[in-house]
Amino acid sequence: MSDLERRYLRLVKLFYPDGYRNERGTEIVDTYLALATPDRRWPSPADVVDLAGGGLRQRLRPVGATGIRSGARLAGTLALSTTTALAGSGAVLETNPATTPWFGFAQQGPLFSLGVGLWAAWLLAAVVHVVAPGRWTRLAIGSALVLTVAVIPLAAVTGLFRPPVFVLLPQACLGLVALGVPSRPALWLRLPPLAGAAAAASVSAAVLYGGGNEFPGYYGWPAGQVLPGAGVTLLLVTLLIAVGLALRDDFRGAWALLLLLGPIGMLTLRPLAAEIAVGLYGGGPNPTWTTLAAAALVVAVAAFILVALALAARHRFAFTRAAVERCAECGSPTGGDANR
1 MSDLERRYLR
11 LVKLFYPDGY
21 RNERGTEIVD
31 TYLALATPDR
41 RWPSPADVVD
51 LAGGGLRQRL
61 RPVGATGIRS
71 GARLAGTLAL
81 STTTALAGSG
91 AVLETNPATT
101 PWFGFAQQGP
111 LFSLGVGLWA
121 AWLLAAVVHV
131 VAPGRWTRLA
141 IGSALVLTVA
151 VIPLAAVTGL
161 FRPPVFVLLP
171 QACLGLVALG
181 VPSRPALWLR
191 LPPLAGAAAA
201 ASVSAAVLYG
211 GGNEFPGYYG
221 WPAGQVLPGA
231 GVTLLLVTLL
241 IAVGLALRDD
251 FRGAWALLLL
261 LGPIGMLTLR
271 PLAAEIAVGL
281 YGGGPNPTWT
291 TLAAAALVVA
301 VAAFILVALA
311 LAARHRFAFT
321 RAAVERCAEC
331 GSPTGGDANR
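Position one of the sequence shown corresponds to residue 1 (UniProt numbering), numbered consecutively onward.
In structure tokens, the structure reads:
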């Protein structure tokens, strides 16, 4: 057995359930070995992703979640549109002259904030999605996602200002879902992320430069209005799409809603943390690490419970339908359930 074959077998063992692996594992490995070049010693990243996706589909199949792949593509488009809209708003906030003094007394100008590069990376992902969908878009999203996580240690090392955690965490969660964007969407499906960023930037500029009394920082209107508003908007849009598709016996929207429940909840992180702070010690001007962690845990657990209940209901429905729809002659199930 070659090293490459052994490594493919380890990946199959890692990703696939036992029954399917015992039945088809050798066949899967032989297929990848036949397509590999003679000098290859390690599985390619694309093969690893492909094996992980195949294993996930096989693990979800017993609970009737075979339609989650198409739902992930829809959820990816909606998540990318939301991340780029938030990036457009954040970019205007970071470059606003009234905002930069809040980044530190010795820091004057937007280039002293790590948020400028972060939001630029997400806006670049929207542009790449229009001109080069597929692999290049996922690479751009992945790079922006890494930068979203990296700004926390970078800020600690450099001493520069960064967006707060209640802004970064929902952006990262949405970015993970955005990796599921379709590889070859039609042009009209590639435009919403860029259009959303432009619209959000325009509205934010009107608010910041309109001479109002809005606090020009992340702890003002972005936390109290923009992030929860984005969550409500994303929820309503996903619900409308889900209902419209369900009327045509297409449940992609329902799967997309399940995938987006966690990120939508994270967009309400700061208001939820504030409520937890009120319950713990009477509240405070800004959330602490403790209250933010507690709020994130509440959102994650709630999303997990809702998804688990939905999968259990789906499994029961699929089992009941399979039991009812059987051939009168042989007793075998009739009809499919692949698009649901």
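The C-beta atom is built at its ideal place from N, Cα and C for all residues, glycine as well.
Exercise for the section: Could I get the ranges of all uninterrupted alpha helix (DSSP H) runs contained in the stretch 2-26, with 4 residues as the minimum, in chain order? Expected result: Correct list: 3-15.
Problem - Among L245, R73, R7 and Y8, nearest to A189 - alpha-carbon criterion - result: According to the sequence provided, residue 189 is Leu. The question's Ala does not apply to it. Nearest of L245, R73, R7 and Y8 to L189, Cα basis: R73.
Handout entry: C-beta atoms of A230 and A75 nearer than 7 Å
Key = no
Practice task
Count the other C-beta atoms from every protein chain shown that fall within 10 angstroms of the C-beta of P170, then say buried if there are 16 or more, exposed otherwise.
Solution key: The residue in question, P170, is buried, as its Cβ has 16 or more Cβ neighbours within 10 Å.
Exercise for the section: Would you kindly work out how many angstroms separate the C-alpha atoms of A52 and L267, rounded to a whole number? Expected result: 28 Å
Exercise for the section: Take A296 as the anchor and find which of V278, L280, I264 and L311 has the nearest alpha-carbon. Expected result: I264
Problem - Separation of L260 from V299, as counted between CA atoms - result: 12 Å
Practice task
Classify A106 as buried or exposed, calling it buried when 16 or more other Cβ atoms lie within 10 Å of its own Cβ.
Solution key: With a pLDDT of 43 at A106, under the threshold of 50, the modelled position of this residue cannot be trusted; read the value that follows with caution. By the C-beta density criterion, A106 is exposed, having fewer than 16 other C-beta atoms within 10 angstroms.
Practice task
Enumerate in chain order the residues of its own chain whose CB-to-CB distance from R24 is below 6 Å, with the five nearest sequence positions on each side excluded.
Solution key: none
Practice task
Could you tell me whether the stretch 154-165 touches the stretch 115-125, where touching means 3 or more Cβ pairs closer than 8 Å?
Solution key: yes
Practice task
Along the alpha helix (DSSP H) that carries R59, what are the first and last residues, could you check?
Solution key: P45 to L60
Practice task
List the endpoints of the continuous alpha helix (DSSP H) containing S70.
Solution key: Bounds of the alpha helix (DSSP H) holding S70 are I68 to T95.
Exercise for the section: Could you tell me the boundaries of the alpha helix (DSSP H) in which W255 lies? Expected result: If you look at W255, you'll find it in the alpha helix (DSSP H) that goes R252 to M266.
Handout entry: Secondary structure of S113, DSSP reduced to three states
Key = In the displayed model, S113 falls within a strand according to three-state DSSP.
Problem - W42 - containing alpha helix (DSSP H), residue span - result: Annotation for W42: no alpha helix (DSSP H) segment contains it, and DSSP assigns it neither H nor E.
Problem - Euclidean distance between Cα positions of L292 and L272 - result: 8 Å
Practice task
Could you spell out where the alpha helix (DSSP H) holding G196 opens and where it closes?
Solution key: Run containing G196: L187 to L208, per the alpha helix (DSSP H) assignment.
Problem - Classification of G88 by the beta-carbon crowding that lies within 10 angstroms, buried from 16 upward - result: buried
Handout entry: Euclidean distance between Cα positions of W289 and L269
Key = Near 12 Å, if we compare the C-alpha coordinates of L269 and W289.
Practice task
Measure the alpha-carbon distance for L93 versus S204 and round it to whole angstroms.
Solution key: For L93 and S204, the distance between alpha carbons rounds to 7 Å.
Handout entry: Option in A144, A312, A294 and V131 with minimal Cα separation from T84
Key = A144
Problem - Residues near I152 in its chain [Cβ-Cβ closer than 8 Å; skip 5 each side] - result: R162, V165 and L168
Practice task
Pull up the CB-CB distance for P287 and A302, whole angstroms please, since I reckon it's below 8 Å.
Solution key: Incorrect: roughly 18 Å between the Cβ atoms, too far for contact.
Handout entry: Contact set for L124: own chain, Cβ-Cβ below 7 Å, skip 5 residues either direction
Key = Correct list, in chain order: A140.
Exercise for the section: Thinking P133 and P185 are a contact (beta carbons under 8 Å), I'd like their distance in whole angstroms, please. Expected result: 6 Å
Handout entry: Own chain residues within Cβ distance below 7 Å of G135, not counting five before or after
Key = The identity of residue 135 in the sequence shown is Arg, whereas the question assumes Gly. So the list is empty, once near-sequence residues are dropped.
Exercise for the section: Taking only the alpha-carbon atoms, compute the straight-line gap between V127 and S202 and give it to the nearest angstrom. Expected result: 17 Å
Handout entry: Residue environment, L239, which counts as buried when at least 16 other CB atoms sit within 10 Å
Key = exposed
Problem - Other residues of its chain near L35: CB distance less than 6 Å, five sequence neighbours each side excluded - result: none
Problem - Within 7 Å, strictly: CB atoms of L194 and V237 - result: no
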